[in-house]
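From first to last, the protein sequence lines are chains A and B. Each step along the first sequence adds one to the number in the working numbering, with nothing skipped, and position 249 is 249. Each step along the second sequence adds one to the number in the working numbering, with nothing skipped, and position 239 is 239. Quick reminder that beta carbons are idealized off the backbone N, C-alpha and C, glycines included.
Protein chains: 2
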Amino acid sequence: MSTTFETTPRADGYYMPGEFTMHAGTWMIWPERPDNWRLGAKPAQKAFVAVASAIAQFEPVSMAVSARQYQNARGMLPANVRVVEMSNNDSWMRDVGPSFVVNGKGQLRGVDWMFNAWGGLDGGLYFPWDLDDAVAQKVLEIENAGRYRAPMVLEGGSIHVDGEGTLLTTEECLLNPNRNPDLSRDEIETNLKEYTGASKILWLQNGVYNDETNGHVDNICCFLRPGLVALTWTDDHNDPQYPISQDAYERLSRYSDAAGRKLEIVKLHQPDPILITADESEGVDAVDGTLPREEGDRMAASYVNFYLCNGGAVIPAFDDLHDRLAVETLQKYLPDRKVVSVAAREILLGGGNIHCITQQQPQ
Amino acid sequence: MSTTFETTPRADGYYMPGEFTMHAGTWMIWPERPDNWRLGAKPAQKAFVAVASAIAQFEPVSMAVSARQYQNARGMLPANVRVVEMSNNDSWMRDVGPSFVVNGKGQLRGVDWMFNAWGGLDGGLYFPWDLDDAVAQKVLEIENAGRYRAPMVLEGGSIHVDGEGTLLTTEECLLNPNRNPDLSRDEIETNLKEYTGASKILWLQNGVYNDETNGHVDNICCFLRPGLVALTWTDDHNDPQYPISQDAYERLSRYSDAAGRKLEIVKLHQPDPILITADESEGVDAVDGTLPREEGDRMAASYVNFYLCNGGAVIPAFDDLHDRLAVETLQKYLPDRKVVSVAAREILLGGGNIHCITQQQPQ
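Here you go:
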């Protein structure tokens with residue numbers, strides 16, 4: 001079934017629930033492109049297996065994989081992960097997958113946003129992106145879920161919702177002219193509300209320093225539950241991340257959410273700066289039109305890029321002194337979840353982290 | 001989830017139900033290979049759309065399609081057909097798909113038979129067939145159904161079951177040394193019983209004259225319900241099909257089924273001989289290792305190659321004088337179903353018919 005509705009989720013009584021509510025499962029995409037992932041994506045594939053295995057302790061995981069990599073992925077993944085064939089340009093299910101929406105009757109549909117590889121021909125990260133743009137539709141058909149095709153470029157990682165009317169995003173990304181140059185801020189807000197069911201948009205200014213997504217919110221700030229957000233943080237005044245986190249903190253302190261609540265803010269101190277090594281840079285194919293991975297470049301590492309699943313939270317580890325504090329802090333605020341740490345440097349090297357490679361399907 | 005059981009369906013209380021029982025839906029595969037389907041498979045694709053549309057009146061249809069053909073298939077198929085990406089070597093879901101089995105509790109699993117393209121390197125129809133052999137597993141994963149990997153080469157079209165213990169097949173196919181040269185007739189019977197739950201095997205000698213599958217039973221004889229079979233027929237004593245249908249009739253008259261019933265036999269008179277035209281032959285790419293489609297070759301046309309779906313029966317039409325009689329006869333014996341006729345010459349040109357391109361998923 002491939003029903004595409006001409007209406008909007010809001011008009012039909014559907015809304016996007018918070019990630020912290022119960023999931024039917026998690027969708028991911030298998031990494032393979034050698035011009036983004038070093039050494040033919042072999043180290044990244046191991047990291048993705050670790051993430052999928054960690055999530056599969058808590059809920060069903062489906063891995064979309066190209067025909068080329070099907071056998072290898074099926075062989076590397078545990079039996080309790082469902083593997084389905086699906087072509088793709090890269091492995092960022094958060095950004096290319098559907099934003100699932102539900103109504104009060106337990107029915108499921110999905111929003112298929114337009115996708116242009118984080119900026120199209122004006123700063124996008126690779127070309128082409130046609131297969132990525134078809135992923136949401138393919139996932140929705142497998143799940144027999146109806147589809148809304150939103151008239152706007154948006155990646156799932158550039159928004160977070162509390163499912164109670166509040167949507168968090170950044171100006172750096174959503175107002176970037178390489179996404180929707182023909183839409184005003186008001187028109188963008190209207191679309192966000194129509195397609196997620198939110199009634200109030202909370203704008204941060206920027207995402208994490210040097211984030212190649214143009215500042216996706218999911219790397220800097222997210223909801224742990226309505227009224228409670230996590231924010232990436234640094235105490236180092238000389239770090240370029242310092243003013244960004246400061247500004248976000250000030251805005252969040254000022255804002256109230258759609259329900260009128262003031263937000264409680266949990267700071268997750270970032271790891272020390274993580275730079276790409278010569279060895280890591282050298283393992284990536286150089287291809288015109290794909291963002292290169294150059295020695296010495298600082299990566300946008302953040303513990304906020306974790307993923308909430310049923311009874312669990314899967315958080316990146318960077319072999320850094322702050323790893324333990326991040327886990328302990330998160331565990332303190334999520335007493336009913338088991339916080340699981342997965343080594344994520346190989347995912348970070350590809351330009352994102354655990355939240356970027358996952359997509360929840362609500363129950 | 002990708003559970004492969006080391007047991008057998010019989011051991012676990014599962015059996016293959018008759019095609020005439022209720023379905024959850026129908027699986028098909030989109031045709032595209034230009035060395036089997038003329039004119040880049042464009043005429044065949046229209047015929048598959050007609051078949052999918054006919055079935056979709058009665059129950060959900062899922063069409064597996066390669067990445068290459070995804071957009072074209074999605075565009076050509078109606079919205080109520082689910083399209084999922086799946087690589088393949090050709091489009092015979094009956095033969096490469098799972099044989100679904102159920103238990104008394106409404107649970108679903110599937111048998112993934114070994115596949116060697118109707119004879120492997122000894123008379124098989126093309127090479128390679130690795131993608132076809134993976135189709136059953138991929139379908140089962142999408143449906144979250146556990147899998148049995150049967151230790152035997154078998155195509156779904158080479159067996160028919162009544163779901164009450166009886167299995168119908170042909171010696172020409174199942175005892176052909178190009179399928180399971182190391183298995184005796186007894187061992188093959190044992191496997192059939194273990195993997196379908198049948199207790200009695202009824203053997204016909206041959207399939208339809210010049211059938212390139214080495215005589216699949218689904219082109220010559222099938223169950224309309226327990227105790228009632230349809231048999232392809234000709235009154236022309238000079239037709240090479242005559243002795244084949246005679247022999248089948250005699251055997252079927254002699255046999256009783258697993259429940260001890262004598263079989264009632266409905267004759268469906270075949271169409272007049274249908275030969276490949278010069279024009280049709282010329283539209284097919286010549287490729288070493290793929291069976292050529294040569295001008296003047298007689299095709300194995302049979303009305304028995306119909307498909308039963310929920311409340312319906314979809315039967316091939318050949319623009320032949322016998323088309324109408326076949327529909328009327330079938331309608332008479334299936335008073336509770338709507339018999340729908342679909343022009344099928346373009347499917348026949350590829351080497352099979354409506355039953356060969358479909359696979360039922362029981363409810």
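Tell me the residue span of the beta strand (DSSP E) that contains residue i.
i                     : result
residue 149 (chain A) : 146-153
residue 221 (chain B) : 221-225
residue 142 (chain A) : Where residue 142 (chain A) is concerned, there is no enclosing beta strand (DSSP E), although the alpha helix (DSSP H) it sits in stretches over 130-142.
residue 117 (chain B) : Careful: residue 117 (chain B) lies outside any beta strand (DSSP E) and carries neither H nor E.
residue 91 (chain A)  : Neither: residue 91 (chain A) is in no beta strand (DSSP E) and is coded neither H nor E.
residue 360 (chain A) : 359-362
residue 62 (chain A)  : 61-65
residue 312 (chain B) : 312-317
residue 82 (chain A)  : 81-85
residue 230 (chain B) : 228-233
residue 6 (chain A)   : It is not in any beta strand (DSSP E) - residue 6 (chain A) carries neither H nor E in the DSSP assignment.
residue 217 (chain A) : Run containing residue 217 (chain A): none; DSSP gives neither H nor E here.
residue 275 (chain A) : Careful: residue 275 (chain A) lies outside any beta strand (DSSP E) and carries neither H nor E.
What do you get for residue i, buried or exposed, if any count of 16 or more other CB atoms within 10 angstroms of its CB means buried?
i                     : result
residue 22 (chain B)  : exposed
residue 4 (chain B)   : exposed
residue 79 (chain B)  : exposed
residue 116 (chain A) : buried
residue 364 (chain A) : Nothing in the structure corresponds to residue 364 (chain A), since chain A is present only between 1 and 363.
residue 106 (chain B) : exposed
residue 206 (chain A) : buried
residue 87 (chain A)  : buried
residue 335 (chain A) : exposed
residue 246 (chain B) : exposed
residue 295 (chain B) : exposed
residue 290 (chain A) : buried
residue 124 (chain B) : buried
residue 280 (chain A) : buried
Please list, in chain order, the chain A residues whose beta carbon lies closer than 7 Å to that of residue i.
i                    : result
residue 86 (chain B) : 85
residue 94 (chain B) : In chain order: nothing, as chain A lies at least about 20 Å away.
List, in order along the chain, the chain B residues whose C-beta lies closer than 9 Å to that of residue i?
i                    : result
residue 79 (chain A) : 1, 2, 3 and 4
residue 82 (chain A) : 1, 2, 141, 142 and 144
Residue range of the alpha helix (DSSP H) that residue i falls in?
i                     : result
residue 243 (chain B) : 241-254
residue 43 (chain A)  : 42-56
residue 346 (chain B) : 345-348
residue 329 (chain A) : 323-333
residue 185 (chain A) : 185-196
residue 99 (chain B)  : Looking at the DSSP string, residue 99 (chain B) is not in any alpha helix (DSSP H); the run it does join, the beta strand (DSSP E), is 99-102.
residue 70 (chain A)  : 70-76
residue 19 (chain B)  : Taken as a continuous stretch (DSSP letters only), residue 19 (chain B) belongs to no alpha helix (DSSP H), as it is neither H nor E.
residue 173 (chain B) : 171-174
residue 278 (chain B) : 278-282
residue 9 (chain A)   : 9-12
Stretch pair the stretch 343-352 of chain B + the stretch 35-43 of chain B: three plus CB contacts closer than 8 Å: The answer is yes - the stretch 35-43 of chain B touches the stretch 343-352 of chain B, with three or more Cβ pairs under 8 Å.
Residues of the stretch 134-147 of chain A whose Cβ lies closer than 9 Å to any Cβ of chain B, in chain order: Those residues of the stretch 134-147 of chain A placed with their C-beta closer than 9 Å to a C-beta in chain B are 134, 137, 138, 141, 142 and 144, ordered along the chain.
Sufficient close CB pairs (3 or more, under 8 Å) joining the stretch 179-197 of chain A to the stretch 100-118 of chain A: As far as the Cβ criterion goes, the stretch 179-197 of chain A touches the stretch 100-118 of chain A, which means the pair count is three or higher.
Proximal residues, the stretch 42-68 of chain B versus chain A, C-beta separation under 8 Å: Correct list: 60, 66 and 67.
Cβ contact (3+ pairs, closer than 8 Å) linking the stretch 105-113 of chain A and the stretch 144-159 of chain A: The answer is yes - the stretch 144-159 of chain A touches the stretch 105-113 of chain A, with three or more Cβ pairs under 8 Å.
The stretch 158-175 of chain B / the stretch 216-232 of chain B touching (three or more Cβ pairs under 8 Å): Because the criterion of three Cβ pairs below 8 Å is met, the stretch 158-175 of chain B and the stretch 216-232 of chain B touch.
Meets three-Cβ-pair contact criterion under 8 Å: the stretch 257-276 of chain A and the stretch 289-308 of chain A: Proximity of the stretch 257-276 of chain A to the stretch 289-308 of chain A meets the contact definition, three or more beta-carbon pairs being nearer than 8 Å.
The stretch 182-194 of chain A touching the stretch 319-333 of chain A, judged by at least three CB pairs closer than 8 Å: No, the stretch 182-194 of chain A does not touch the stretch 319-333 of chain A.
Stretch-stretch touch, CB-based, cutoff 8 Å, three pairs: the stretch 63-71 of chain B with the stretch 20-36 of chain B: Yes, since at least three Cβ pairs between the stretch 63-71 of chain B and the stretch 20-36 of chain B fall closer than 8 Å, the two stretches touch.
Stretch pair the stretch 133-153 of chain B + the stretch 4-17 of chain B: three plus CB contacts closer than 8 Å: By the Cβ rule, the stretch 133-153 of chain B counts as touching the stretch 4-17 of chain B, because three or more pairs are nearer than 8 Å.
Touch test, the stretch 218-235 of chain A against the stretch 352-362 of chain A, Cβ-Cβ under 8 Å, three pairs minimum: Per the Cβ contact rule, the stretch 218-235 of chain A is in contact with the stretch 352-362 of chain A (3 or more Cβ pairs under 8 Å).
Stretch-stretch touch, CB-based, cutoff 8 Å, three pairs: the stretch 11-19 of chain A with the stretch 253-260 of chain A: In this structure the stretch 11-19 of chain A does not lie against the stretch 253-260 of chain A, because fewer than three pairs of beta carbons, one per stretch, are closer than 8 Å.
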